Amino acid sequence: MGRWRWFRALTFLVAASLACNLGGEATQPPAPGATAAGAGGTAGTPTPTDMPPGEWLELEPPPPAGLIDAMYGKVEAGEWTLEEGLVQSLRAFAGEASLSSAYGVLPAAQDGTGLIVEAQGYLERGSDEDVKREIERLLSIIAPSSEALLPYAQPGDTSLHAGPRLAHPARDEQECATLWAKGFPAPQAGQAPVLCFKYLAKKVGNSTIRVFYPITELPSGFTIAYSDAAFSAAQAAVQTYSGLQVNGKPAILKDVDIIFTLLQHPDGDALAIVPFKGTPDKCQIIVYPLAISSNKEAQTKSGNDNYFGPFVSTIAHELFHCFQKWNFQKQWDTHSYDLHNWWLEGTAEYFANVVYPKINDEWGWIDDWQYNSGNNSVVFMSYENFALFQFLGTKLGNNKLLSLLGGLPEGGSEDGHKAYLSGYTNMASLFEAFAIAFMDGKIADTGGGFLPTTPVYILPEYRIPVAVSPKWNLGASPFVLQRYGLRFDHGHIYGLTTQLSGADGFDASRPVSAPGSWNPLPAEVPAACGDVHHYYLMVTTNPPSGFFANDLTVTIPQGELACDQCLIGTWDLNVPSFVEYSEAPFAETPGLYNHDSAGGLWRYRFRPSGTFRAEFDFFTSSTLRQPGGGFGADIDVNQVITIVGPGEGTYISDGLNNLTFTLVEDSVSLSSTTTINGEDIGDLFDALSGYGFLKKNDSMVYSCDPEAGILQLDVAPQAGLPPLQFDRISTDPNKP
Numbered sequence: 003m004g005r006w007r008w009f010r011a012l013t014f015l016v017a018a019s020l021a022c023n024l025g026g027e028a029t030q031p032p033a034p035g036a037t038a039a040g041a042g043g044t045a046g047t048p049t050p051t052d053m054p055p056g057e058w059l060e061l062e063p064p065p066p067a068g069l070i071d072a073m074y075g076k077v078e079a080g081e082w083t084l085e086e087g088l089v090q091s092l093r094a095f096a097g098e099a100s101l102s103s104a105y106g107v108l109p110a111a112q113d114g115t116g117l118i119v120e121a122q123g124y125l126e127r128g129s130d131e132d133v134k135r136e137i138e139r140l141l142s143i144i145a146p147s148s149e150a151l152l153p154y155a156q157p158g159d160t161s162l163h164a165g166p167r168l169a170h171p172a173r174d175e176q177e178c179a180t181l182w183a184k185g186f187p188a189p190q191a192g193q194a195p196v197l198c199f200k201y202l203a204k205k206v207g208n209s210t211i212r213v214f215y216p217i218t219e220l221p222s223g224f225t226i227a228y229s230d231a232a233f234s235a236a237q238a239a240v241q242t243y244s245g246l247q248v249n250g251k252p253a254i255l256k257d258v259d260i261i262f263t264l265l266q267h268p269d270g271d272a273l274a275i276v277p278f279k280g281t282p283d284k285c286q287i288i289v290y291p292l293a294i295s296s297n298k299e300a301q302t303k304s305g306n307d308n309y310f311g312p313f314v315s316t317i318a319h320e321l322f323h324c325f326q327k328w329n330f331q332k333q334w335d336t337h338s339y340d341l342h343n344w345w346l347e348g349t350a351e352y353f354a355n356v357v358y359p360k361i362n363d364e365w366g367w368i369d370d371w372q373y374n375s376g377n378n379s380v381v382f383m384s385y386e387n388f389a390l391f392q393f394l395g396t397k398l399g400n401n402k403l404l405s406l407l408g409g410l411p412e413g414g415s416e417d418g419h420k421a422y423l424s425g426y427t428n429m430a431s432l433f434e435a436f437a438i439a440f441m442d443g444k445i446a447d448t449g450g451g452f453l454p455t456t457p458v459y460i461l462p463e464y465r466i467p468v469a470v471s472p473k474w475n476l477g478a479s480p481f482v483l484q485r486y487g488l489r490f491d492h493g494h495i496y497g498l499t500t501q502l503s504g505a506d507g508f509d510a511s512r513p514v515s516a517p518g519s520w521n522p523l524p525a526e527v528p529a530a531c532g533d534v535h536h537y538y539l540m541v542t543t544n545p546p547s548g549f550f551a552n553d554l555t556v557t558i559p560q561g562e563l564a565c566d567q568c569l570i571g572t573w574d575l576n577v578p579s580f581v582e583y584s585e586a587p588f589a590e591t592p593g594l595y596n597h598d599s600a601g602g603l604w605r606y607r608f609r610p611s612g613t614f615r616a617e618f619d620f621f622t623s624s625t626l627r628q629p630g631g632g633f634g635a636d637i638d639v640n641q642v643i644t645i646v647g648p649g650e651g652t653y654i655s656d657g658l659n660n661l662t663f664t665l666v667e668d669s670v671s672l673s674s675t676t677t678i679n680g681e682d683i684g685d686l687f688d689a690l691s692g693y694g695f696l697k698k699n700d701s702m703v704y705s706c707d708p709e710a711g712i713l714q715l716d717v718a719p720q721a722g723l724p725p726l727q728f729d730r731i732s733t734d735p736n737k738p
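Each residue of the sequence shown is one higher than the one before, starting from 3 at the first, in the numbering used here.
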């Protein structure tokens, strides 16, 4: 058994530092709102001044996401009636005003789809006849009939990517603009109509795609390259969307007309809109100057005049609104865009990225998601929800995602949508997994890699200096990605007791510096040399008004927690000391054991916060020889042990040369290849399983020499083995 004792001693450090599974079973509880208990109301809620500057990621409050959000925000604030909001906004799209003068603070996106749908809904349900007449007048200006354009248009060059040349010089520019404002009435008999447009046309599957582009100098910034880009983007989107299914049936796609407006806007603040006029068989996409100027800004930043990423993403986004109209007609025809906004805009952003996986225009919404998701249910957001649909599309598949959305209630309220989502199969697990992936930056992107969602933003009111109060009332409402930032001031061990109540939910925490290391809130958090920061996540999907609560109790024992500054930094294993360690058990039996080689990475990073990281890509090879003597041939046992992977945990130094590790994450694997006289006998670590030396807390004796930069860990003193030596390679645990 001496050989097994040696194996056990050899692997003890890895096991103690990395291989232990800390949390037992994951608890199933979570809740929202950070209030110091007993403080009365929100008196104990931390404010930004409670935290040192730079401690957490800072973001400015974003503007409203879209026009619908901005318009209803002003309506709910009493600044507008609904009628005033619709008319003021439509006048901006009709070129009679500017969005900036109407709204003051412009929304992040000026996509007019929702505005048009709400206006059409008012025509059906509204009571003010004067407002209805004004809406009809404005809609006729914004979106003249495609067929009405044909007398004023002729076929254009169907070759794609004709280059960034200008269209024909200005020709009857004012007359064309006037005709647009009149809805392009039929030409008078006997008169040749002025030529205002050329158009490209192509049949793609069951859809006919047409792009009407101007031959005047309007709109500002237009070149033939943009009509080619729109034509190409529409074809790519139709081809992609036609391969989708909704509720097990092939997706419906019809005809698409893309029209570059001739209306001029002082601020250029309008993107593309989808005005469904008359029958829904044809979808119109009206492209405004901002779609061009926004792309030109991207060209300038990239230094590439042939880059059309934002522009083609806009076309794909708008064409997915056409897809929604054709395939989710019951929800669309409620004309309650505000209710369905959370998924209509979020999926349009996501599926535009499905069309163009390498164009990540939707990433511009990540900061909005970071800020808004900390306090709002997903059913009260819009464009920024693309991250949720990106995750669900990956996990469920796009067809199942569309079928999930196809079952949403046609009308009702946001609570009805939450109740529906709550009843969807496995939704609790899906939303928990989404929350974790967001917190760790692990939401898979369509084009490969992950969405850059880290570091995570914590709203100021949820940044909790734990030592301020012995009790904190925390919690989460349904479909809110509720997260808290917990700060543990250095110099103490903190005891934590949780009392979960209310709706079922999920809660977990991890050190800020250890993505993936999610466990229940630990019973103790040591903060020795530096402040310790944890994320604490709470989510619930209970419908629709459930609240998942946690009454958190904090205890701080008397006395200071020792801090050994010598430990702070990055340490690599001294390989000669490892060789000495591995040969020591066989010192009295020469020839029995031979250490062949060792090398690779065996590194510890001790942080001031009391957390550590271990990184392994290490191997060791050795040979045991048992002479046969007079009883047969010699037996040679060769073994190669490989240790690979990272681990995270916490550590405590008691000031008396005792070091205790507590593991948070174990992603380390130990494997071996063993041969006897050249015959492979498998991995002997299987035989070592169940020995029971892997514990939640493991201690060892250490010594640290700050001047020499040497750390010695006595991992097996009971076996009389020499300590392992580690050499400091940096006083900064983040380097190299």
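From the three backbone atoms N, C-alpha and C, an ideal C-beta is built for every residue, glycine too. Note that the structure is predicted; figures quoted are calculated from it, not measured.
Neighbour-count burial assignment, ASP71, 16 or more Cβ in a 10 Å radius:
buried
At the 9 Å Cβ level, is HIS492 part of the contact set with chain D, yes or no?
The displayed structure is made up of one protein chain only, and chain D is not part of it.
Should the stretch 492-506 be regarded as contacting the stretch 431-446, the criterion being three or more beta carbon pairs within less than 8 Å?
no
Close-in-space but distant-in-sequence residues of the same chain around THR677 (CB under 6 Å, 5 per side omitted):
ASN640
Contact check, GLN484 vs VAL541 under 8 Å by CB: the rounded distance?
6 Å
In terms of alpha-carbon separation, which member of ARG127, LYS444, TYR124 lies closest to LEU394?
LYS444
If you count every other CB in all the chains shown that lies within 10 Å of the CB of LYS303, and 16 or more means buried, which is it?
exposed
Keeping to the same chain, check which residues put their C-beta closer than 6 Å to that of ASP369; ignore five residues upstream and five downstream.
LEU61
Kindly indicate which three-state DSSP category CYS285 falls into: helix, strand or coil?
strand
With 16 other CB atoms within 10 Å as the buried threshold, where does ARG135 fall?
exposed
Top-ranked residue by Cα proximity to LEU488, from PRO472, VAL468, GLY477, ALA505:
VAL468
According to DSSP, is MET73 part of a helix, a strand, or is it coil?
helix
Where does THR557 land, buried or exposed, given buried means 16+ other C-beta within 10 angstroms?
exposed
Within 10 angstroms of its Cβ, does SER384 collect 16 or more other Cβ (buried), or is it exposed?
buried
Is it the case that the Cβ atoms of ALA239 and LEU321 are separated by a distance below 9 Å?
yes
Among PHE382, SER375, CYS324, whose alpha-carbon lies nearest the alpha-carbon of TRP344?
PHE382
Considering ILE438, what are the terminal residues of the alpha helix (DSSP H) in which it resides?
429-442
Provide the residue span of the alpha helix (DSSP H) that contains LYS144, from first to last.
The sequence given here has Ile at residue 144, not Lys. Looking at the DSSP string, the run of the alpha helix (DSSP H) that includes ILE144 is 131-144.
Buried or exposed, going by whether 16 or more other CB atoms sit within 10 Å of the CB of ASN308?
exposed
Whole-number beta carbon distance between GLY680 and THR787, since they are thought to touch under 8 Å:
Past the edges of the chain, shown from 3 to 738, lies residue 787, and the structure says nothing about it.
Distance, ALA421 Cα to GLU78 Cα
24 Å
Residues near SER375 in its chain [Cβ-Cβ closer than 6 Å; skip 5 each side]
LEU483
Going by C-alpha distance, which of LYS205, TYR215, TYR154 is nearest ALA194?
TYR154
Assuming THR733 is part of the alpha helix (DSSP H), what are its boundary residues?
Element bounds for THR733: n/a, residue is neither H nor E.
Which one of VAL357, GLY418, ASP363 has the shortest CA to CA distance from VAL380?
GLY418
Rounding to the nearest angstrom, what Cα-Cα distance links PHE588 and ASP716 in this structure?
18 Å
For ILE643, which residues from the same chain have a beta carbon less than 6 Å from its beta carbon, with the 5 sequence-adjacent residues on both sides left out?
THR622, SER674
Tell me, which residues are paired with GLN714 by DSSP?
SER705, GLN727
Spatially closest choice to ASN362 from PRO454, GLN333, TRP328, SER624, by CA coordinates:
PRO454
For SER611, which residues of its own chain have a beta-carbon under 6 Å away from its beta-carbon, when the five flanking residues on both sides are left out?
GLY532, VAL534
Report the option in VAL289, PRO187, LEU264, GLN266 whose CA atom is closest to the CA atom of VAL746.
No answer is possible for residue 746: the residues shown for the chain start at 3 and end at 738.
Can you name, in chain order, every residue of its own chain whose Cβ lies under 7 Å from the Cβ of THR49, other than the five neighbours on each side?
Summary for THR49: the model assigns pLDDT 34, below 50, so the residue's position carries little reliability; its value from the coordinates is reported in the next sentence. PRO462, listed in sequence order.
Contact defined as beta carbons within less than 8 Å: I believe SER579 pairs with ASP598. What is the distance between those atoms, to the nearest angstrom?
In fact, because the Cβ distance is near 17 Å, the residues do not count as touching under 8 Å.
For LEU554: DSSP bridge partner residues:
TRP474, THR500
Specify, as a first and last residue, the run of the beta strand (DSSP E) that PHE663 falls within.
660-668
Quick one: is the Cβ of GLY504 within less than 8 Å of any heavy atom of the ligand ATP?
With respect to the ligand ATP, the structure offers nothing, as it holds no ligand at all.
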